[in-house]
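*Asks:* Using my numbering, read the sequence shown as starting at -9 and increasing by one per residue. Glycine included, every Cβ here is placed at the ideal spot set by N, Cα and C. Supplied in structure tokens, the structure appears directly below.
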Amino acid sequence: MKPNRSIPQVTVIPVLVYPDVRAAVDYLTTVFGFAEHIRIGDDHRSQMRIGEDGAVIIADVRGQRTAPTPGVETHLLKVRVEDVRAQYERAKEHGASIVEDLAEQPFGELQFTVDDPAGHRWQFCESVRDVDPEEWGGTVVGD
């Protein structure tokens, strides 16, 4: 992959549409601890860093782009963190809409799920055990 300072150097970059880009950036920074990297126009787009190697682009409503419809889940963004308990407490402290409380899953992840004000669903997780997928009903089919 050729380097380009104008785009995050990660393989997959979600682009999420929000009705108010600046309000979304403020929320994602304050509540989730993400960091704004590049601002494009006053309210057009923002590139945000997530942890050491993650990124997301926040985009405005325009043309066929629209923010999520309340009550309709079309996607979930899973974000792995070092300390999910601290992430959970931060989200609660800032009044985030917790959809699923912090709980350990049979596949070895401690996780919780939250909806942001625009209706994007985020799931934060931390690996707490190394579990063979066969133990919880998964089947490994590739490398």
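Near V130, which residues of its chain fall below 6 Å by C-beta distance, leaving aside the five closest residues on each side in sequence?
*Replies:* Excluding positions up to five away in sequence, the list reads P123.
*Asks:* If you reduce the DSSP assignment to three classes, tell me which class E90 lands in.
*Replies:* In the structure shown, E90 sits in a strand (DSSP, three-state: E or B).
*Asks:* Are the CB atoms of Q37 and P(-2) nearer to each other than 7 Å?
*Replies:* Contact flag set, yes.
*Asks:* Enumerate in chain order the residues of its own chain whose CB-to-CB distance from A81 is below 8 Å, with the five nearest sequence positions on each side excluded.
*Replies:* V21, F22, I88, F102, V104, F114.
*Asks:* Where in the stretch 69 to 121 do unbroken runs of the alpha helix (DSSP H), each at least 4 residues long, occur, reported from the N-terminal end onward?
*Replies:* Runs found: 74 to 83.
*Asks:* Is G132 closer than 7 Å to S117 when the C-beta atoms are compared?
*Replies:* It is not a contact, given that the beta carbons lie outside the stated cut-off.
*Asks:* How long is the line joining the alpha carbons of R52 and H34, rounded to whole angstroms?
*Replies:* Approximately 9 Å, taken between the alpha carbons.
*Asks:* Compare the Cα-Cα distances from D91 to each of V62, E72, W112, A108 and report the closest residue.
*Replies:* Among V62, E72, W112, A108, the Cα nearest to that of D91 belongs to W112.
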